[in-house]
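Colleague: Be aware that the sequence shown starts at -12, since it is given in the working numbering, and climbs by one per residue. Using N, Cα and C, we set each Cβ at its ideal position, and we do this for glycine too. Note that the structure is predicted; figures quoted are calculated from it, not measured. Have a look at the structure that comes next, please.
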Amino acid sequence: MAGMFDNSTVIQVQQANDIVDVISEHVSLKRKGREMVGLCPFHDDNRPSMNVNAVKQIFKCFACGAGGDVFKFLQMRENLTFPQAIERLAERAGIKLKPVQYSQRPGRNQTPSTEIDPNKLAKVNAWAANYFQQNLQDEKRGKYARDYLEQRQITSESIKNWKLGLAIGSPDDLLNTAREKNAQIKLLEPAGLTTGQNQDKFVNRLMFTITDVTGRVIGFGGRTLDDSGAKYINSPTTPLFDKSNSLYGLEQARHQIVSTGTAVVVEGYTDCIMAHQFGCTNIVASLGTSFTAGHGRILRRYAKKIILLFDSDVAGLEAANRALDVCLAQRVDIRLASIPEGKDPCDFLLAAGKERFEQLLSDAVDVFQFKWNRLTAGFGSDDTLAGKRSAIEEYLQTIATALLAGNVSPIDRGLIVNRVSKIIGLDTRQINDELKRRLSQAQRNASYNTEKQTAQPTDYGRGLFASAQREVLEVLLNEPNLFEIVKQKITPDIFDVPISKQIAEIVFETLNNDINASLAEILAKTESIELGNSLVELSQAGQEKGNFQARLIGALDAIERHRAQKQNSFIKTIDDQKQFLREVYENTGKENPHNVGMV
């Protein structure tokens, strides 16, 4: 990125974006003491391990080690560079940025990013969404699409709220319009809007605008209007969009999901829109793809309970079964509801109304009941040994997964084992042994995954001198006014551990200009995610230890002793070298007093 931003602008953007508000757009936070806690989005978090401090404006995950300010959170969450995160948050706060050129500061990334800027892709998507909406509202071009929507009983208000649009039948309409409007043609293909052969990705399709939880346009879904090609297609995977980690309607449904503690998942765009149109606003859709672990992790941040609403046909039930297996390990209450009479949720709402729809959701069965029904049905319909074994193994695997997730109490486990024993004729001890085997395997896998997700500790060096360097930084990040003592005795040059030296340069520079600078202001000068993590880690460690002035004096004494020892060693080395040369010279003189023959 060619432009950078001066520090006053960065601080202005940082202060305009409260970290609790920003993180709440991605994670459901709850108060715990003086801080907020939530599930960390940077690893597969099973219990709230991320703390957000509204006073210090920092976050810290005590499981995977992620930490930093509002910029670092967005950098990690959306894979942005530091300048991109500034732009993103400035746009969120309505601040107009003026890029300036300035010299490299300590801790700045040394090489510009060569990746596609997600912010630019989002702007291209927003432009395309607006163009598709104009097409739909055009008196002539959009009539047939509006007729289809009217037939589906989707109101004009829903069309506007959900940013529905139209890609007309011309194979290069969007591309040609972009040329006419001097839009950035080169970004159309990376955004998934063209196919690379001078052809639009979406042709003659009703367009569904897909946004993230913050309202950014990240992709599109298109329904064919002439039965050519696939009925539905989505944007391809881009730096902004991955359908396995995106949910349609999350922006519109998030607040109601948090309020009710329940998220309802349907399969289709129109199912989701119609539910909201009827006032059921905690509904999201899985973008026509299978429900994934990514979907489960997203919803788990906002909901205590997930209801999967699938069609009642064979394909729908199989999809629900796979989705339940994915959700079960997410440590939330999973339930299943199915639409009767072969209808989809949209048709059912139109035929039966909101009250019966909500009753359908209230009657949703839990995962164990659904799996039990499958087990008993499998025994009744399949007389083969292989079929019965498959049904048993599926059920036992479900129970083992639930046990690992903590979703089964000891009493429930005993009841389940007894029920299984009666239907399959095995002793309860044998069933418990099989469950233990499966549980042990699942625990080993979970332990392995947790080890992989846990951040490796930062290397701050070893020995008394390295510890003293760290102590100085821990103190200054908590009591910056003690910098007056520090700067009289040491400079950043004394730090010889690489990570400590980088942090010292930033801290000393900041406090030289403002001795009351906060941790957030120091973090605002740090582009590197790794340095941001370390700054928060050092601050937290220092806060826990306390006793700042005494620790600082002890650390400075240790640094002074080390420096004195090093100086003495250096002097001794110089004296040894002089003595050696003197002896060589004297011996040479004795062997050849007149220097005869020397050259």
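Is it the case that the region 203 to 222 contacts the region 113 to 125, given that we only count it when at least three CB pairs across the two stretches are under 8 Å?
Modeller: These segments touch.
Colleague: If you draw a straight line from the C-alpha of Leu296 to the C-alpha of Gly519, how long is it?
Modeller: Residue numbering aside, residue 296 sits at position 309 when the sequence shown is read from its first letter. Residue numbering aside, residue 519 sits at position 532 when the sequence shown is read from its first letter. Answer to the nearest angstrom: the Cα atoms are 42 Å apart.
Colleague: Among Glu78, Asn534, Asn66 and Val7, whose alpha-carbon lies nearest the alpha-carbon of Val(-3)?
Modeller: On the sequence shown, residue -3 is found 10 positions in, with the first residue counted as 1. For the residues Glu78, Asn534, Asn66 and Val7, the minimum Cα distance to Val(-3) belongs to Glu78.
Colleague: Whole alpha helix (DSSP H) runs in the region 456 to 480 with 4 or more residues, listed along the chain?
Modeller: Whole alpha helix (DSSP H) segments, 4+ residues: 470 to 474.
Colleague: For Ala310 versus Leu347, is the C-beta spacing smaller than 7 Å?
Modeller: Residue 310 sits at position 323 when you count from the first residue of the sequence shown. Residue 347 sits at position 360 when you count from the first residue of the sequence shown. No. Outside cutoff.
Colleague: So, with DSSP's three-state summary, where would you put Tyr89?
Modeller: As a working mapping, residue 89 is identified with position 102 in the sequence shown. At Tyr89 the pLDDT is 40, less than 50, meaning the model places this residue with poor confidence and gives no usable figure here.
Colleague: Let me confirm a value: Asp298 is counted as buried when at least 16 other C-beta atoms fall within 10 Å, else exposed. Which label applies?
Modeller: Locating residue 298 in the sequence shown gives position 311, counting from the first residue. Classification for Asp298: buried.
Colleague: Would you call the region 447 to 464 and the region 480 to 499 in contact, with 3 or more CB pairs under 8 Å?
Modeller: Touching, yes, given that three or more Cβ pairs across the two stretches are closer than 8 Å.
Colleague: Name the one or two DSSP bridge partners that Ala272 has.
Modeller: Here residue 272 refers to the residue found at position 285 when the sequence shown is read from its first residue. For Ala272, which the question treats as bridged, DSSP gives the partners Tyr235 and Val253.
Colleague: Fully enclosed by the region 134 to 199, which alpha helix (DSSP H) runs are 4 residues long or longer?
Modeller: Within the region 134 to 199, the complete alpha helix (DSSP H) runs of at least 4 residues are 143 to 148 and 160 to 167.
Colleague: Going along the chain, which residues of its own chain have a beta-carbon closer than 6 Å to the beta-carbon of Ala262, five neighbours each way excluded?
Modeller: Here the question's residue 262 lines up with position 275 in the sequence shown. Result list for Ala262: Ile270, in chain order.
Colleague: Only counting the same chain, and skipping five residues up and downstream in sequence, which positions put a Cβ closer than 6 Å to that of Ser231?
Modeller: Translated into the one-based positions of the sequence shown, residue 231 becomes position 244. So the qualifying residues of the chain are Thr279 and Gly281.
Colleague: From Ile386 to Gln456, what distance separates their C-alpha atoms?
Modeller: Sequence index remark: in the sequence shown, residue 386 carries index 399 (1-based). Sequence index remark: in the sequence shown, residue 456 carries index 469 (1-based). Answer to the nearest angstrom: the Cα atoms are 52 Å apart.
Colleague: If you draw a straight line from the C-alpha of Gln536 to the C-alpha of Phe452, how long is it?
Modeller: Counting from one through the sequence shown, the residue named residue 536 turns up at place 549. Counting from one through the sequence shown, the residue named residue 452 turns up at place 465. Rounded to whole angstroms, Gln536 to Phe452 spans 18 Å at the Cα level.
Colleague: Checking the sheet assignment: what are the DSSP bridge partners for Glu22?
Modeller: By one-based count along the sequence shown, residue 22 stands at place 35. Paired residue(s): Lys19.
Colleague: If I follow the unbroken alpha helix (DSSP H) through Lys532, where does it start and stop?
Modeller: Your numbering for residue 532 matches position 545 in the sequence shown. Ile516 to Lys532 is the extent of the alpha helix (DSSP H) around Lys532.
Colleague: Considering only heavy atoms of the ligand SAH, does any lie closer than 6 Å to the CB of Ala80?
Modeller: Ligands displayed in this structure: none; no statement on the ligand SAH is therefore possible.
Colleague: Compute the beta-carbon to beta-carbon distance between Asn106 and Leu153, rounded to the nearest angstrom, for a pair I have assumed lies under 8 Å.
Modeller: On the sequence shown, residue 106 is found 119 positions in, with the first residue counted as 1. On the sequence shown, residue 153 is found 166 positions in, with the first residue counted as 1. That belief does not hold up - the Cβ atoms of Asn106 and Leu153 are roughly 26 Å apart, past 8 Å.
Colleague: For Gln124 and Phe265, I'd like the C-alpha separation in whole angstroms.
Modeller: For this step, residue 124 is matched to residue 137 along the sequence shown. For this step, residue 265 is matched to residue 278 along the sequence shown. Gln124 and Phe265: Cα-Cα distance of roughly 23 Å.
Colleague: What are the residues that DSSP puts in a beta bridge with Ile293?
Modeller: For the purposes of this step, residue 293 is identified with residue 306 of the sequence shown, where counting begins at 1. Beta-bridge pairing links Ile293 to Ala250 and Ile321.
Colleague: Am I right that Val523 and Ile45 are in contact with their C-beta atoms under 8 Å? What's the rounded C-beta distance?
Modeller: In the sequence shown, the residue the question calls residue 523 occupies position 536. In the sequence shown, the residue the question calls residue 45 occupies position 58. At roughly 5 Å, the Cβ-Cβ gap stays under 8 Å, so Val523 and Ile45 are in contact.
Colleague: I'd like the list of long-range same chain contacts for Lys43, defined as Cβ closer than 8 Å, with 5 residues on each side in sequence excluded.
Modeller: Working through the sequence shown from its first residue, we reach residue 43 at position 56. Taken in chain order, the residues that qualify are Ser505, Leu506, Ala507 and Ser526.
Colleague: Checking the sheet assignment: what are the DSSP bridge partners for Tyr219?
Modeller: The residue given as residue 219 occupies position 232 in the sequence shown. Arg210, per the DSSP bridge assignment.
Colleague: Going by C-alpha to C-alpha distance, which of Asp350, Gln239, Arg34 and Arg139 sits closest to Asn148?
Modeller: Here residue 148 corresponds to residue number 161 of the sequence shown, with the count starting at 1. Closest option to Asn148, Cα to Cα, is Gln239.
Colleague: If we ignore side chains and look at the alpha-carbon of each, how far apart do Lys47 and Ala178 end up?
Modeller: Numbered from its first residue, the sequence shown carries residue 47 at position 60. Numbered from its first residue, the sequence shown carries residue 178 at position 191. Each residue's Cα considered, the two are about 33 Å apart.
Colleague: Assuming contact is defined by CB atoms lying nearer than 7 Å, are Ala290 and Leu193 in contact in what I supplied?
Modeller: For the purposes of this step, residue 290 is taken as the residue at position 303 of the sequence shown. For the purposes of this step, residue 193 is taken as the residue at position 206 of the sequence shown. Their beta carbons are not under 7 Å apart, which means Ala290 does not touch Leu193 by this criterion.
Colleague: Give the range of the alpha helix (DSSP H) segment to which Val9 is assigned.
Modeller: Within the sequence shown, numbered from 1, the residue matching residue 9 stands at position 22. Residues Ile6 to Ser11.
Colleague: Taking buried to mean at least 16 other C-beta atoms within 10 Å of its own C-beta, is Ser434 buried or exposed?
Modeller: For this step, residue 434 is matched to residue 447 along the sequence shown. Residue placement at Ser434 is poorly supported in this model, since its pLDDT is 47, which falls under 50; the coordinates still yield a value, given next. By the 10 Å Cβ count, Ser434 comes out exposed.
Colleague: What are the start and end residues of the beta strand (DSSP E) that includes Ile490?
Modeller: Translated into the one-based positions of the sequence shown, residue 490 becomes position 503. Per DSSP, Ile490 belongs to no beta strand (DSSP E); it is in the alpha helix (DSSP H), Pro485 to Asn500.
Colleague: Measure from the alpha carbon of Ser273 to the alpha carbon of each residue in Gly340, Thr198, Glu342 and Lys110, then state which is nearest.
Modeller: Taking the first residue of the sequence shown as 1, we reach residue 273 at position 286. It is Thr198.
Colleague: Take the Cβ of Ser15 as the centre, count every other Cβ of all protein chains shown within 10 Å, and call the residue buried at 16 or more, exposed below.
Modeller: Looking up residue 15 in the sequence shown gives position 28. Ser15 should be labelled buried.
Colleague: May I ask you to list the residues that DSSP assigns as paired with Asn40?
Modeller: As a working note, residue 40 is residue 53 in the sequence shown. DSSP lists Ile45 as partners of Asn40.
Colleague: Mapping the DSSP letters down to three states, classify Val14 as helix, strand or coil.
Modeller: Taking the first residue of the sequence shown as position 1, residue 14 is located at position 27. Coil, per DSSP.
Colleague: Whole angstroms are fine: how far does the CA of Lys17 sit from the CA of Ile285?
Modeller: Stepping through the sequence shown from its first residue, residue 285 is reached at position 298. Stepping through the sequence shown from its first residue, residue 17 is reached at position 30. Near 16 Å, if we compare the C-alpha coordinates of Lys17 and Ile285.
Colleague: Measuring alpha carbon to alpha carbon, tell me which of Ser454, Leu336 and Lys358 ends up nearest Glu305.
Modeller: By one-based count along the sequence shown, residue 305 stands at place 318. Among Ser454, Leu336 and Lys358, the Cα nearest to that of Glu305 is on Lys358.
Colleague: Do you know how far the Cα of Leu543 is from the Cα of Val459?
Modeller: By 1-based counting over the sequence shown, the position of residue 459 is 472. By 1-based counting over the sequence shown, the position of residue 543 is 556. Approximately 8 Å between the Cα atoms of the pair.
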